[in-house]
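Taking it in order: structure first as structure tokens, then the write-up.
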Amino acid sequence: MMVAEKQTALVSETGMGNSTEIDTVRQEAALGHKQELVRNFGLWSVTSLGIVIANSWAATGGTIVTALMNGGPMALLYGLILVSIFYTVISASLAELASSMPSAGGVYYWSTVLDGKYGRATGFFTGYLNACVWLLSASSMSSMLGNEAVAMYLLRHSDVTWCSWQVFLVFQIVNRTCCAIVCLGNRFIPLINQAALILSMTGLFATVVVLAVMPKTYASSSQVWTHYYNMTGGWSDGVCFITGLLNAAFAVGVPGYIRHLSEEGMLTYLFLNFKRR
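Here the sequence shown is numbered in full-length UniProt numbering, starting from 1 and rising by one per residue.
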């Protein structure tokens, strides 16, 4: 009761005072959760964040060279279909866990709860590996943006020579900007998410139109769907196939990231009450 009362007081002090929000805090306090930050995500902003985190079309375009060098268009298309099937099954499992135990901790929390006797050890290693994944994923996205920014600049400045330090510089600028937003601009994140969603959808439409209109020639249907290109430099077709799947996996392999949003927003109260009935 003391925890629930303190959490309710925190909500009231921060201006989140309607009955649904207070009930949400009480329900989560009963589950052992402590409200550390002001919850400012609504349905629209949290949906925007989920879509922006995935942003599959941008991830596909940013790493498309990997698939083209390891199988060609055939690897890109069939790989996307194959990987999507597997991740649909994974997403269904994660959705069940997220609905029954909504937690921002995600897999480390579920591992701790479900593994019983060895839950603490399992949860620790799961959380540690998950943190490593987040660090590497964030770095890869920043690096991809760094490459794209430098490439766009070089398209208009042919006299400039490409250097790796240029990509690293943009990489660090993106990293530090994102870190500053998270640390200093928490209240602006919902608005940023909504703006990013609009930008992402506009970019998708513009990309499709440009790719459909600009090319002077097009590959034949057989080249796209039936020709396999192994340009790995001597590796077997099996290794080439597995490597070619990295592009598709990187693009659609984000259900694990989105699961952390199951505790956000004001709808958690409805999920918790539904489970109790």
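Backbone N, C-alpha and C fix where the C-beta goes; we use that ideal spot for every residue, glycine too.
TODO: Within the region 43 to 110, note down every full beta strand (DSSP E) run reaching 3 residues or more, in order along the chain.
DONE: Counting whole runs of 3 or more residues, the region 43 to 110 contains no beta strand (DSSP E) stretch at all.
Open item on the list: Using a 10 Å radius around the Cβ and a threshold of 16 neighbouring Cβ atoms, would you call residue 102 buried or exposed?
Closed with: Residue 102 is buried by the Cβ-count criterion.
TODO: Could you tell me whether the region 188 to 205 touches the region 148 to 168, using the rule of 3 or more Cβ pairs below 8 Å?
DONE: With a cut-off of 8 Å, the region 148 to 168 and the region 188 to 205 do not count as touching, because too few Cβ pairs lie within range.
Task: Distance, residue 60 Cα to residue 173 Cα - done: Within the model, the alpha-carbon separation for residue 173 versus residue 60 is close to 23 Å.
Open item on the list: Helix, strand or coil, according to DSSP, for residue 257 in the structure here?
Closed with: Here residue 257 sits in helix by DSSP.
Task: Start and end residues, alpha helix (DSSP H) containing residue 180 - done: Judged by DSSP secondary structure, residue 180 falls within the alpha helix (DSSP H) whose first and last residues are 164 to 184.
Open item on the list: So for residue 228, helix, strand or coil by DSSP?
Closed with: In this structure, residue 228 counts as coil in the three-state DSSP scheme.
Task: Secondary structure of residue 234, DSSP reduced to three states - done: Reduced to three states, the DSSP call for residue 234 is coil.
Task: Beta-carbon contacts of residue 122 that lie in its chain and below 8 Å, excluding the five residues immediately before and after - done: Excluding sequence neighbours, residue 122 sits near 111, 112 and 115.
Open item on the list: Here's a check: name, in chain order, each residue in its chain whose Cβ is nearer than 6 Å to the Cβ of residue 249, leaving out the five neighbours to either side.
Closed with: Answer for residue 249: 83, listed in chain order.
Task: Option in 141, 105 and 261 with minimal Cα separation from residue 129 - done: Residue 105 is the option with its Cα nearest to residue 129.
TODO: For residue 222, count neighbouring C-beta atoms within 10 Å of its own C-beta (all shown protein chains included) and say buried if the count is 16 or more, exposed if not.
DONE: Its Cβ having fewer than 16 others within 10 Å, residue 222 is exposed.
Open item on the list: Could you give the first and the last residue of the continuous alpha helix (DSSP H) run that contains residue 116?
Closed with: From DSSP, residue 116 is part of no alpha helix (DSSP H); its letter is neither H nor E.
Task: CB-CB length for residue 247 against residue 119, believed under 8 Å - done: Contact flag wrong, Cβ pair sits at about 36 Å.
- [ ] Would you kindly work out how many angstroms separate the C-alpha atoms of residue 11 and residue 137, rounded to a whole number?
- [x] Per-residue confidence for residue 11 stands at a pLDDT of 45, beneath the threshold of 50, marking its modelled position as unreliable; the derived number appears in the next sentence. Those two C-alpha atoms are separated by around 33 Å.
Task: Per-residue DSSP class, three states only, for residue 190 - done: DSSP places residue 190 in helix when its eight states are reduced to three.
TODO: Give a yes or no on whether the C-beta atoms belonging to residue 224 and residue 73 are separated by under 7 Å.
DONE: Using a Cβ distance threshold of 7 Å, residue 224 and residue 73 count as a contacting pair.
- [ ] Using the Cα positions of residue 239 and residue 62, report the straight-line distance between them to the nearest angstrom.
- [x] Taking the straight line joining both Cα atoms gives about 21 Å.
Task: Close Cβ partners of residue 127 (< 6 Å) along its chain, the five nearest in sequence each way excluded - done: Same-chain partners within the cutoff: 108.
Open item on the list: For residue 257, which residues in the same chain have their Cβ closer than 6 Å to its Cβ, ignoring the five residues on either side in sequence?
Closed with: For residue 257, where only same-chain residues beyond five positions count, the Cβ hits under 6 Å are 53.
Task: Collapsed DSSP secondary structure at residue 153 in the structure displayed - done: Annotated three-state conformation of residue 153 is helix, per DSSP.
- [ ] Counting only the same chain and skipping the five closest in sequence on each side, list residues whose C-beta sits under 7 Å from that of residue 147.
- [x] So the list reads 167, once near-sequence residues are dropped.
Open item on the list: Which same chain residues end up closer than 7 Å to residue 255 when comparing Cβ atoms and leaving out the 5 residues on each side of it in sequence?
Closed with: Within the same chain, and ignoring the five residues on either side of residue 255 in sequence, the residues whose Cβ sits closer than 7 Å to its Cβ are 87, 90, 91 and 94.
Task: Through-space distance from residue 41 to residue 16, alpha-carbon basis - done: With a pLDDT of 47 at residue 16, under the threshold of 50, the predicted position of this residue should be treated as unreliable, and no value is reported.
Task: For residue 41, the three-state DSSP class (helix, strand or coil) - done: Residue 41 carries a coil assignment under DSSP once its states are collapsed to helix, strand and coil.
Task: Reduced DSSP secondary structure (H/G/I, E/B, other) of residue 219 - done: Note: residue 219 maps to coil in three-state DSSP.
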